[in-house]
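A.B. asks:
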Amino acid sequence: MEKFSFYNPTRIHFGKGKLAELGQIVSRYGNHCLLVTTSKEEEALKPLYERTISILEEAGIRVFHFDEAVPNPTIQCVEKAISIVQANGIDCVVACGGGSSIDTAKAVVLFHQQSEIDWDMVFQTYTSPFARYPLLSDHPLPFVAVPTTAG
1 MEKFSFYNPT
11 RIHFGKGKLA
21 ELGQIVSRYG
31 NHCLLVTTSK
41 EEEALKPLYE
51 RTISILEEAG
61 IRVFHFDEAV
71 PNPTIQCVEK
81 AISIVQANGI
91 DCVVACGGGS
101 SIDTAKAVVL
111 FHQQSEIDWD
121 MVFQTYTSPF
131 ARYPLLSDHP
141 LPFVAVPTTA
151 G
């Protein structure tokens with residue numbers, strides 16, 4: 001095996017009951033949170049969304065629930081979520097659910113400080129998951145994922 005160095009500043013909280021710590025985790029970053037989910041009427045996930053909101057609110061966090069994440073998030077979806085971030089002084093973005101919620105939240109975190117996004121440039125420039133790109137934000141938002149996928 002080749003020699004290598006690896007640095008990944010990602011903190012992972014894993015295990016039964018860890019959702020109960022979400023309020024404590026998010027409160028480190030502030031008290032305004034964007035919660036990104038798919039439709040809050042989705043019966044299978046509705047109890048999880050309600051519990052997540054309750055945990056955050058009990059920790060004194062004001063939750064702005066964006067429940068319009070869609071598969072392969074559209075430009076309109078991402079821009080709508082970004083407008084919530086920009087209008088409400090969001091300190092942290094929490095994605096709760098599967099790929100739709102997590103992908104939407106990651107795009108919001110990446111582009112939240114852009115006053116106008118040149119999507120053609122974005123799709124032409126950011127083509128490799130392995131390349132090093134310049135930061136788009138001088139104040140990146142913390143991102144927390146509560147994944148519900150298992151495969």
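Under this note's numbering, the first residue of the sequence shown is numbered 1, with each subsequent residue one higher. We put the beta carbon where it would ideally sit given N, CA and C, even for glycine.
1. Taking the alpha-carbon positions, what's the Glu116 to Val108 distance?
2. Quick one: what's Gly23 bridged to in DSSP?
3. Measuring alpha carbon to alpha carbon, tell me which residue in Ala131, Gly30 and Ser101 is nearest Glu68.
4. Starting from Val122, trace the alpha helix (DSSP H) both ways and give me its first and last residue.
5. For the 8 Å Cβ check, are there 3 or more pairs between the stretch 27-39 and the stretch 56-72?
6. Rank Phe143, Thr149 and Gln114 by C-alpha distance to the C-alpha of Pro9 and give the top, closest one.
7. Can you tell me whether Ala145 is helix, strand or coil according to DSSP?
8. Touching or not, the stretch 18-25 and the stretch 48-63, by the rule of three or more beta carbon pairs under 8 Å?
9. According to DSSP, simplified to helix, strand and coil, what is Val108?
10. If I follow the unbroken beta strand (DSSP E) through Val63, where does it start and stop?
11. Does the distance from the CB of Thr104 to the CB of Val78 come in under 8 Å?
12. Using beta-carbon positions only, say whether Lys40 and Tyr49 come within less than 8 Å of one another.
C.D. replies: If we stick to the structure as given:
1. Rounded to the nearest angstrom, the two C-alpha atoms are 13 Å apart.
2. The partner list for Gly23 (beta bridge, DSSP) is empty, contrary to what the question assumes.
3. Ranking Ala131, Gly30 and Ser101 by Cα distance to Glu68 puts Ser101 first.
4. Trp119 to Thr125 is the extent of the alpha helix (DSSP H) around Val122.
5. At 8 Å Cβ cutoff, the stretches touch.
6. Of Phe143, Thr149 and Gln114, the residue nearest in Cα terms is Phe143.
7. Secondary structure at Ala145: strand, using DSSP grouped into helix, strand and coil.
8. Touching, per the Cβ criterion.
9. Val108: helix per DSSP, three-state reduction.
10. Its beta strand (DSSP E) spans residues Arg62 to Phe66.
11. Yes.
12. In contact: Lys40 and Tyr49 (Cβ atoms closer than 8 Å).
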